[in-house]
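S.K.: In this text, residue positions in the sequence shown follow the UniProt record's numbering: the first is 1, and each later residue adds one.
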Amino acid sequence: MPSTTASNPTPVEKSRLLRFTGHSYFRQRLVLSLLSGRPVRIDSIRSDASSPGLCDFEASFLRLIEKVTNGSHVEISYTGTSVLLRPGVIAGGNVSHDCPTSRSVGYFAEWIMVLAPFAKKELSLTLRGLTARQGDLGVDTLRTVTLPHLSLFLPLDTLSTLSSALELRILKRGSPPLGGGEIHLRCPTLAHLSTLNFIAPGRIKKIRGIANATRVSPQMANRMIDHARSILQRYIPDLYLFADVYRGDDSGKSPGFGLSLVASSTTGAIYSSEAISRPSNQETGEEALTPEDVAALAARQLLEEVAKRGCIDPAHQPMVLTLMALGPQDVARCRMGKLTPNAIQTMRDIKEGLGVTFKVKRVQDEDQTSAQQDDDDDEEEEDEDEADNHPKRIVPEEIMVSCVGINFRGFKKVA
1 MPSTTASNPT PVEKSRLLRF TGHSYFRQRL VLSLLSGRPV RIDSIRSDAS SPGLCDFEAS
61 FLRLIEKVTN GSHVEISYTG TSVLLRPGVI AGGNVSHDCP TSRSVGYFAE WIMVLAPFAK
121 KELSLTLRGL TARQGDLGVD TLRTVTLPHL SLFLPLDTLS TLSSALELRI LKRGSPPLGG
181 GEIHLRCPTL AHLSTLNFIA PGRIKKIRGI ANATRVSPQM ANRMIDHARS ILQRYIPDLY
241 LFADVYRGDD SGKSPGFGLS LVASSTTGAI YSSEAISRPS NQETGEEALT PEDVAALAAR
301 QLLEEVAKRG CIDPAHQPMV LTLMALGPQD VARCRMGKLT PNAIQTMRDI KEGLGVTFKV
361 KRVQDEDQTS AQQDDDDDEE EEDEDEADNH PKRIVPEEIM VSCVGINFRG FKKVA
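(1) State yes or no: is the C-beta of residue 145 within less than 8 Å of the C-beta of residue 208?
(2) Between residue 271 and residue 306, how many whole angstroms is the CB-CB distance? I'm expecting something under 8 Å.
(3) Please name the residue in 127, 50, 41 whose C-alpha comes closest to that of residue 67.
(4) If we define contact as Cβ-Cβ less than 8 Å, is residue 328 a contact residue for chain C?
(5) Closer than 7 Å by C-beta to residue 222: which residues in its own chain qualify, once you throw out the five before and the five after it? Chain order, please.
(6) Can you tell me which of the three DSSP states residue 26 falls into?
(7) In whole angstroms, what separates the C-alpha of residue 401 from that of residue 363?
(8) Tell me which residue opens and which closes the alpha helix (DSSP H) that residue 351 is part of.
(9) If we count the other Cβ atoms within 10 Å of its Cβ and call it buried at 16 or more, is residue 62 buried or exposed?
(10) Could you pull out every residue in the same chain whose Cβ sits closer than 8 Å to the Cβ of residue 287, ignoring the five residues on either side in sequence?
(11) With DSSP run on the structure shown, which of helix, strand or coil describes residue 204?
(12) Please identify the residue among 268, 105, 44, 398 whose C-alpha is closest to the C-alpha of residue 474.
(13) Quick check on the burial criterion: 16 or more other C-beta atoms within 10 angstroms. Buried or exposed for residue 135?
(14) With a threshold of 8 Å on Cβ separation, who are the neighbours of residue 252 within its own chain once the five nearest residues in sequence on each side are excluded?
(15) Output the boundary residues of the beta strand (DSSP E) element that contains residue 259.
(16) On the criterion of 16 or more Cβ atoms from any shown chain inside 10 Å, does residue 96 qualify as buried, or is it exposed?
(17) Tell me whether residue 356 sits in a helix, a strand or coil according to DSSP, three-state version.
(18) Which residues mark the beginning and the end of the beta strand (DSSP E) in which residue 82 is found?
(19) Helix, strand or coil, according to DSSP, for residue 97 in the structure here?
(20) Tell me which residues share the same chain as residue 330 and place their Cβ nearer than 8 Å to its Cβ, disregarding the 5 neighbours each side in the sequence.
(21) Span of the alpha helix (DSSP H) holding residue 273?
(22) What's the C-alpha gap between residue 15 and residue 342?
(23) So for residue 330, helix, strand or coil by DSSP?
(24) I'd like to check one pair, residue 92 with residue 123: are the Cβ atoms closer than 8 Å?
(25) Residue 238 by DSSP, collapsed to three states: which one?
(26) Could you name the residues of the same chain whose beta carbon sits closer than 6 Å to that of residue 197, not counting the 5 residues immediately before and after it, in chain order?
(27) Would you mind working out which of 310, 239, 191 sits nearest residue 328, comparing C-alpha positions?
(28) Short check: CB of residue 57 to CB of residue 103, under 8 Å?
(29) Taking the Cβ atom as the reference point for each residue, do residue 18 and residue 65 lie within a distance shorter than 8 Å?
(30) Is residue 396 closer than 8 Å to residue 337 when the C-beta atoms are compared?
(31) Exposed or buried, what is residue 156 when buried is set at 16 or more other beta-carbons lying within 10 Å of its beta-carbon?
(32) So, residue 350 versus residue 323, is the Cβ gap smaller than 8 Å?
(33) Go through its chain and collect everything with a Cβ distance to residue 255's Cβ below 7 Å, but skip five positions before and after it.
(34) Exposed or buried, what is residue 384 when buried is set at 16 or more other beta-carbons lying within 10 Å of its beta-carbon?
Encoded structure:
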């Protein structure tokens, strides 16, 4: 259990201490401390809020870090507004953790996946709680999007020698507010990562989706599938959505339904979206979402993500940037859409914690150039009055991000 008194760092620690303020980017800063081996102190955590200090899910994440590491020491101030982490060894092994229902299991698994490849022993992690929550990565997204992004960094020469496959199994689903879901994550240890060179987004070739339902009529899943198909089939013929209905003890403690969509390109780029049901709330005036509402929300979000282009799903930009910095001492390159605020802050934290600086350059490929040229030609041929009735084609902003890794080897003993 974390200590409730925060002591002052030693003079040696002060020279290596990472200092941050605020509760934002809490998980990635703790993970950065474990990977760099440098202690981290986070102050002013909701110091001006009516309920200052750590929330229950942040304290739970600290407990999970203590379980997957060996020798880590966490100190929390009396008010909970300051946290000091002295990192230990990423041990791995068999770990089981109960997550609070204020956040989904995706909140906890997302950044633990970044630590897992560098553990001393293979990580076998069981998480219990909500399997879906608006604002967090759902378990379907973790399995179909997060794991493939992590697989980009697996060395090809070690795939045949891995002790087990990188996998995530959904044992039980748990909808808000009571949860009751359970997942199992297994990640093999790696001696090193491979260098990422992902610069061609390609064109969308297929869309897949999972409509899940717990403790409600299976017809809810079918209604989501029908409505999502009516929106997406006009864009691409290779569209397959299927229902995943859980019953009995495997369906958790609360009724709910949701839809997860994944679009894949010809070069392996993946874009995702997810929407879940919402009960009516008389206090806020929010109305309940019907299956058609959920399907429309997920489908439109997917189209927006695809329109942003790039090779990386926007929600996974921080994870990919972190793994690029930990890769071999070679130039890693990745083409991304517009950088999210989380990704921008991640690059700043990586520069401070690992000493890796990213080169960011705006990209304009042949498709974008031809699209812009077509717009310019149209403007020259048309009168000004006619041009006002034809809006310009929107060319999304794309960024080429590159860096030289630190060749992080992790804690696995190599014979």
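Virtual Cβ for every residue (Gly too), placed ideally from N, Cα, C.
M.R.: This is what the structure holds:
(1) Remark: C-beta atoms of residue 145 and residue 208 do not approach each other more closely than 8 Å.
(2) Separation of the CB atoms of residue 271 and residue 306 is rounded to 5 Å, and the pair is thereby assigned contact status at 8 Å.
(3) Of the listed residues, the one whose Cα sits closest to residue 67 is 127.
(4) As a matter of chain content, chain C is missing from the structure shown, which is built from one protein chain.
(5) Excluding sequence neighbours, residue 222 sits near 243.
(6) Residue state, collapsed to three classes: helix.
(7) Here the alpha carbons of residue 363 and residue 401 stand approximately 10 Å from one another.
(8) Element bounds for residue 351: 341-353.
(9) So residue 62 ends up on the buried side.
(10) Contacts found: 280.
(11) It is a strand residue.
(12) Lying before the first or after the last residue shown, residue 474 is absent from the chain, which here runs from 1 to 415.
(13) With fewer than 16 other Cβ atoms within 10 Å, it is exposed.
(14) Apart from sequence neighbours up to five positions away, the residues of its chain that approach residue 252 with a beta-carbon distance below 8 Å are 131, 172, 173, 174, 175, 178, 179, 180, 181, 214, 215, 246, ordered along the chain.
(15) Run containing residue 259: 256-265, per the beta strand (DSSP E) assignment.
(16) Its Cβ having fewer than 16 others within 10 Å, residue 96 is exposed.
(17) Taken through DSSP and simplified to helix, strand or coil, residue 356 comes out as coil.
(18) Unbroken run through residue 82: none, as it is neither H nor E.
(19) Three-state result, residue 97: strand.
(20) The beta carbon of residue 330 sits closer than 8 Å to those of 195, 404, 405, all from its chain and outside the five residues before and after it, given in chain order.
(21) Per DSSP, residue 273 lies in no alpha helix (DSSP H) segment; the continuous beta strand (DSSP E) that holds it begins and ends at 270-276.
(22) Distance from the CA atom of residue 15 to the CA atom of residue 342, rounded to whole angstroms, is 27 Å.
(23) Three-state DSSP puts residue 330 in coil, outside helix and strand.
(24) Yes, the Cβ-Cβ distance between residue 123 and residue 92 is below 8 Å.
(25) For residue 238, the three-state secondary structure derived from DSSP is coil.
(26) If we look at residue 197 and ignore the five residues flanking it on each side, its Cβ neighbours are 333.
(27) Considering only alpha carbons, the answer is 191.
(28) Taking 8 Å as the Cβ cut-off, residue 57 and residue 103 qualify as a contacting pair.
(29) No. Outside cutoff.
(30) The Cβ atoms of residue 337 and residue 396 sit closer than 8 Å to each other.
(31) Classification for residue 156: exposed.
(32) Cβ atoms of residue 350 and residue 323: not closer than 8 Å.
(33) The beta carbon of residue 255 lies closer than 7 Å to those of 175, 214, 215, 216 in the same chain, with the five residues before and after it left out.
(34) A caution first: residue 384 carries a pLDDT of 48, below 50, which makes its placement in the model unreliable, though a value can still be read off. It counts as exposed.
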